[in-house]
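Peer 1:
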Amino acid sequence: MLQVPSPGRTLFLPLCFNAVRSQSGGVVLVAARNVTDFGTAASRPRRRRTIHSSSTQKGPAADSHYIVAASQSSAMVPTSAPVTAATPTEPSRALVLKKSPLSVLPLPTILRTLFSSAISSSPILLPPSLKIMSVMAHTDSTALNPDRNPLLRYFLKKTFYSQFCAGENAAEVRRTVSALKNIGFDGVLIGYAREVVLTEAQQRALSACDEGEVAEECFRNEIEPWKAGNLETLKVAQAGDFVSVKFTGAGRQALWALKNRLPPPPRLAAAIDEICALAREKDVPLLIDAEQTAVQAGIDDWTMLYMKKYNTRPGHALIYGTYQAYLKSTPATLAAHLEAAAREGFTLGVKLVRGAYIGSDPRHIIHDTKEDTDAAYDSIASSLIRRRWGPVLRPRSSANTTTANQQQQQQPEFPLVSVLLGTHNLESVRKAHALRAGDESADTELAVAQLMGMADDVSCDLLAANRALQAEAGAQRQGAATEDAKKGEYGSKSKAPVATRAYKYVVWGSTKECMAYLLRRAQENKDAVSRTKAARDAMWEELKRRIKGAFGFGPAA
0 MLQVPSPGRT LFLPLCFNAV RSQSGGVVLV AARNVTDFGT AASRPRRRRT IHSSSTQKGP
60 AADSHYIVAA SQSSAMVPTS APVTAATPTE PSRALVLKKS PLSVLPLPTI LRTLFSSAIS
120 SSPILLPPSL KIMSVMAHTD STALNPDRNP LLRYFLKKTF YSQFCAGENA AEVRRTVSAL
180 KNIGFDGVLI GYAREVVLTE AQQRALSACD EGEVAEECFR NEIEPWKAGN LETLKVAQAG
240 DFVSVKFTGA GRQALWALKN RLPPPPRLAA AIDEICALAR EKDVPLLIDA EQTAVQAGID
300 DWTMLYMKKY NTRPGHALIY GTYQAYLKST PATLAAHLEA AAREGFTLGV KLVRGAYIGS
360 DPRHIIHDTK EDTDAAYDSI ASSLIRRRWG PVLRPRSSAN TTTANQQQQQ QPEFPLVSVL
420 LGTHNLESVR KAHALRAGDE SADTELAVAQ LMGMADDVSC DLLAANRALQ AEAGAQRQGA
480 ATEDAKKGEY GSKSKAPVAT RAYKYVVWGS TKECMAYLLR RAQENKDAVS RTKAARDAMW
540 EELKRRIKGA FGFGPAA
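For the sequence shown, the positions run 0 to 556 when numbering that gives the first Met the number 0 is used.
(1) Given a threshold of 16 other Cβ atoms within 10 Å of its Cβ, counted over all protein chains shown, does A142 qualify as buried or as exposed?
(2) Which whole-angstrom value describes the C-beta separation of C459 and L101, a residue pair presumed to lie in contact below a C-beta threshold of 8 Å?
(3) Leaving out five residues on either side along the sequence, give the residues of the same chain with a beta carbon under 8 Å from the beta carbon of L261.
(4) Find the nearest neighbour of E444 within the set A355, T531, A331, P313, judged by alpha-carbon distance.
(5) Expressed to the nearest angstrom, what Euclidean distance is found between the alpha-carbon atoms of P77 and A464?
(6) Can you tell me the Cβ-Cβ gap for L333 and L392, rounded? I've got them flagged as a contact below 8 Å.
(7) Could one say the Cβ of A375 lies closer than 8 Å to chain C's Cβ atoms, at least one of them?
(8) What does the alpha-carbon distance come out to for the pair N17 and S440?
(9) Under the three-state reduction of DSSP, which class applies to L564: helix, strand or coil?
(10) Between the C-alpha atoms of T158 and M451, what's the straight-line distance to the nearest angstrom?
(11) The beta strand (DSSP E) spanning G190 covers which residue range?
(12) Tell me which residues share the same chain as L383 and place their Cβ nearer than 8 Å to its Cβ, disregarding the 5 neighbours each side in the sequence.
(13) Rounded to the nearest angstrom, what separates Y319 and L285 at their Cα positions?
(14) Looking only at DSSP bridge pairs, what is I287 linked to?
(15) In this structure, does DSSP put K503 in helix, strand or coil?
(16) Rounded to whole angstroms, how far is the Cβ of V283 from the Cβ of L233, which I believe are closer than 8 Å?
(17) Would you mind listing the beta strand (DSSP E) stretches within the segment 316-369 that are 3+ residues and don't spill past its ends, in chain order?
(18) Is the separation between the beta-carbon of S378 and that of P394 shorter than 8 Å?
(19) Going straight from the alpha carbon of V242 to that of R111, what length do you get?
(20) Going by beta-carbon coordinates alone, are Q449 and K503 separated by less than 8 Å?
(21) On the DSSP letters alone, give me the boundaries of the beta strand (DSSP E) that Q449 sits inside.
(22) CB T422 to CB R520, shorter than 8 Å?
(23) Taking DSSP as the reference, what is the three-state secondary structure of S133?
(24) Quick check: what's the CA-CA separation for A338 versus P126?
(25) Please state whether DSSP places S440 in a helix, a strand or coil.
(26) May I ask you to list the residues that DSSP assigns as paired with C164?
(27) Which word fits R362, buried or exposed, when buried means at least 16 other C-beta atoms lie within 10 angstroms of its C-beta?
(28) Note down, in chain order, each residue of its chain lying with its Cβ closer than 7 Å to the Cβ of S133, except the 5 sequence neighbours on either side.
(29) Grab me the residues of A238's own chain with a C-beta within less than 7 Å of its C-beta, minus the 5 sequence neighbours each way, in chain order.
(30) When you compare only the Cα positions, how much space is there between N259 and C208?
(31) What is the DSSP secondary structure of V294, reduced to helix, strand or coil?
(32) Are there 16 or more other CB atoms within 10 angstroms of the CB of E343, so buried, or fewer, so exposed?
(33) Return the CA-CA distance between K511 and G478, expressed in angstroms with no decimal places.
(34) Does the Cβ of P265 have 16 or more other Cβ atoms within 10 Å, making it buried, or fewer, making it exposed?
(35) For F163, count the other beta carbons within 10 Å of its own beta carbon; 16 or more makes it buried, fewer makes it exposed. Which is it?
(36) So, for G7: in the same chain, excluding its five sequence neighbours on each side, which residues have a beta-carbon less than 8 Å away from its beta-carbon?
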């Protein structure tokens, strides 16, 4: 509950409300019967009704409100009773002042988002910006290399780098993560920006690289740096965070084995085990990234191999696979993995995304429309959260049967799962949150994440919903404790609603390494102009709201 500490704060409130002081010392706002009724309780002894709190309102708008109320010890006031300065008022009857979900963001973040989204949403500015980023990411020129040019590095660090990246070293990353957690996020997904990206010609010329000097070179220059980067990332992460791992980042040996669906080469397998051991020690789950179709089947094989080995704790996965909802084959692939998990007794870790390789994956393997992808994503997410087979995520034995026959068949057991939803879609986030807070969530471990610097409107909407849910749960517990203490049955009726854990995905690395990462993300998202415009418009409205609040023309919070 937000307490109003003094009557002076009420000067900034709408004049159609009256402020009265409760016995607890808090200020409670009540509505006047008409706009001219501005007097005190003494001068206007007419009855006034209190305004209902968000707990009585419908829809998502209730998720983003301040609640201005007296202390929680106040007694309930019948709506027919007059409200005076001596009348206690129930918190649930207090006025709800609308609060912008984006109000939790620092002003520099608002300004940087406006700057970056103005470029990314402009068909005139975006193409040359991508070319400039490409030059800086791949150049050997001292003047254009941000790691060598201090002026260029300073500009980038204060703009694009600070907006999308966590830092160049452990100290900078910790400061960024701490700032995100202070806003209200439960943690972060951390990834190392350095990646091995081969051209098509290099991919065609791949070899096993497992003999002689070539094998030693691959181990020294590719596998070892990859292992060191992932271990360093794990050392920065805290319990409850996630670390993103890209198998292809280990270089040519990994690419060759993945492309040919071979097990990890011995020295690479030892490196992966070392990474997994540290992740288990710190309780930091690993998210295995999805990649292009040419190597994805091999990645699935490796991911399942390490899930079986390390996901032994019921309901809490250490290794997560990534599943792309835009692929028509994803429901069948995920169903097979779920059945394997049920059969072999391990927890399946599922990171569900829409997909990031639409420009390189063959078009015929992708859903025909965005609406089809959205429907597949939401249905799969619902099945995972509720741990129930559904119309999209179906067991393989019923994939080709009718609905009537499916109901008659005995469906296989749905295993324990841990779920992370990576999505910038507001509706998908709201649907998942509603399921998680409801009675059908099956206590599934659930987190939702967006990229740092992007979709802050979606992230902050979830944070506001979590705050509202926590306030509601607190009020329910208080009421239940009073009522059930008399009956001796506290907690027997239903479980308390559980908030959805909110995360941001961040990367760390040198300025040049992160420019290469940002270039890839920009190319992946360059078609999402409407979403970028929506984020830009939301930030602009938030900036205007703050300016008005600073001059007393609106709420400052």
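For glycine and all other residues, C-beta sits at the position ideal for the given N, C-alpha and C. In this text, all values refer to a predicted model and were calculated from it rather than measured experimentally.
Peer 2: Quick look at the numbers:
(1) Reading the sequence shown from its first residue, position 143 is the one you call residue 142. Result: exposed.
(2) Stepping through the sequence shown from its first residue, residue 459 is reached at position 460. Stepping through the sequence shown from its first residue, residue 101 is reached at position 102. 5 Å between Cβ atoms; contact.
(3) To locate residue 261, count along the sequence shown from 1; it is residue 262. Excluding positions up to five away in sequence, the list reads W255, G297.
(4) In the sequence shown, counting from the first residue as 1, residue 444 sits at position 445. If you compare the alpha carbons of A355, T531, A331, P313 with that of E444, the shortest gap goes to P313.
(5) Translated into the one-based positions of the sequence shown, residue 77 becomes position 78. Translated into the one-based positions of the sequence shown, residue 464 becomes position 465. Confidence is the limiting factor: at P77 the pLDDT is only 38, short of 50, which leaves the residue's position unreliable, though a coordinate-based value still follows. Distance between the alpha carbons of P77 and A464: 28 Å.
(6) In the sequence shown, counting from the first residue as 1, residue 333 sits at position 334. In the sequence shown, counting from the first residue as 1, residue 392 sits at position 393. L333 to L392, Cβ: 6 Å. Contact.
(7) The structure shown contains no chain C; it holds only a single protein chain.
(8) Looking up residue 17 in the sequence shown gives position 18. Looking up residue 440 in the sequence shown gives position 441. With a pLDDT of 44 at N17, under the threshold of 50, the modelled position of this residue cannot be trusted, and the question is left open.
(9) A question about residue 564 goes unanswered here, because the residues of the chain that appear run from 0 up to 556.
(10) Taking the sequence shown and counting its residues from 1, one reaches residue 158 at position 159. Taking the sequence shown and counting its residues from 1, one reaches residue 451 at position 452. Taking the straight line from one Cα to the other gives about 13 Å.
(11) Position 191 of the sequence shown, counted from the start, is the residue given in the question as residue 190. 186-191 is the extent of the beta strand (DSSP E) around G190.
(12) Working through the sequence shown from its first residue, we reach residue 383 at position 384. Closer than 8 Å at Cβ, skipping near neighbours: V349, L351, L392, V416, V418, T443.
(13) Mapped onto the sequence shown, residue 319 falls at position 320. Mapped onto the sequence shown, residue 285 falls at position 286. Whole-angstrom Cα-Cα distance: 6 Å.
(14) On the sequence shown, position 288 is the one that residue 287 refers to. V244, per the DSSP bridge assignment.
(15) Within the sequence shown, residue 503 is the residue found at index 504, counting from 1. If DSSP states are grouped into helix, strand and coil, K503 belongs with the strands.
(16) The residue given as residue 283 occupies position 284 in the sequence shown. The residue given as residue 233 occupies position 234 in the sequence shown. Right, the Cβ-Cβ distance comes to about 6 Å (below 8 Å), so this counts as a contact.
(17) 318-323, 347-352
(18) For the purposes of this step, residue 378 is taken as residue 379 along the sequence shown, with counting starting at 1. For the purposes of this step, residue 394 is taken as residue 395 along the sequence shown, with counting starting at 1. Contact: no.
(19) In the sequence shown, the residue the question calls residue 242 occupies position 243. In the sequence shown, the residue the question calls residue 111 occupies position 112. Looking at the backbone, the Cα of V242 and that of R111 are separated by about 26 Å.
(20) Counting from 1 along the sequence shown, the entry for residue 449 is found at position 450. Counting from 1 along the sequence shown, the entry for residue 503 is found at position 504. Yes.
(21) By one-based count along the sequence shown, residue 449 stands at place 450. Q449 -> beta strand (DSSP E) spans 444-450.
(22) The count along the sequence shown starts at 1 and reaches residue 422 at position 423. The count along the sequence shown starts at 1 and reaches residue 520 at position 521. Contact: no.
(23) The sequence position of residue 133 within the sequence shown is 134, counting from 1. It is helical.
(24) Residue mapping note: residue 338 aligns to position 339 of the sequence shown, counting from 1. Residue mapping note: residue 126 aligns to position 127 of the sequence shown, counting from 1. It is worth fixing the name first, because residue 338 is Glu in this sequence and not Ala. Cα to Cα, E338 sits roughly 45 Å from P126.
(25) Along the sequence shown, one-based indexing puts residue 440 at 441. Residue state, collapsed to three classes: coil.
(26) Within the sequence shown, the letter at position 165 stands for residue 164. V506, per the DSSP bridge assignment.
(27) Counting from 1 along the sequence shown, the entry for residue 362 is found at position 363. By the neighbour-count rule (16 or more Cβ atoms within 10 Å), R362 is not buried but exposed.
(28) For the purposes of this step, residue 133 is identified with residue 134 of the sequence shown, where counting begins at 1. Cβ-Cβ distances below 7 Å link S133 to L518 in the same chain, with the five nearest sequence neighbours on each side left out; the list follows chain order.
(29) As a first step, residue 238 is located in the sequence shown; it is residue number 239 there, counting from the start. Around A238: K281, D282, V283.
(30) Sequence index remark: in the sequence shown, residue 259 carries index 260 (1-based). Sequence index remark: in the sequence shown, residue 208 carries index 209 (1-based). Spanning the two alpha carbons is a distance of roughly 13 Å.
(31) As a first step, residue 294 must be located in the sequence shown, where it is residue number 295. Of the three classes helix, strand and coil, the one that applies to V294 here is helix, per DSSP.
(32) Translated into the one-based positions of the sequence shown, residue 343 becomes position 344. So E343 ends up on the exposed side.
(33) Locating residue 511 in the sequence shown gives position 512, where the first residue counts as 1. Locating residue 478 in the sequence shown gives position 479, where the first residue counts as 1. Between K511 and G478, the C-alpha separation is close to 56 Å.
(34) Along the sequence shown, read from residue 1 onward, the residue named residue 265 stands at position 266. By the neighbour-count criterion, in which a residue is buried when 16 or more other Cβ atoms sit within 10 angstroms of its Cβ, P265 is exposed.
(35) For the purposes of this step, residue 163 is taken as residue 164 along the sequence shown, with counting starting at 1. The residue is buried, with at least 16 neighbouring Cβ atoms inside 10 Å.
(36) For the purposes of this step, residue 7 is identified with residue 8 of the sequence shown, where counting begins at 1. Model confidence at G7 stands at a pLDDT of 43, short of 50, so the residue's coordinates are unreliable; what they give is reported in the following sentence. No residues qualify anywhere along the chain.
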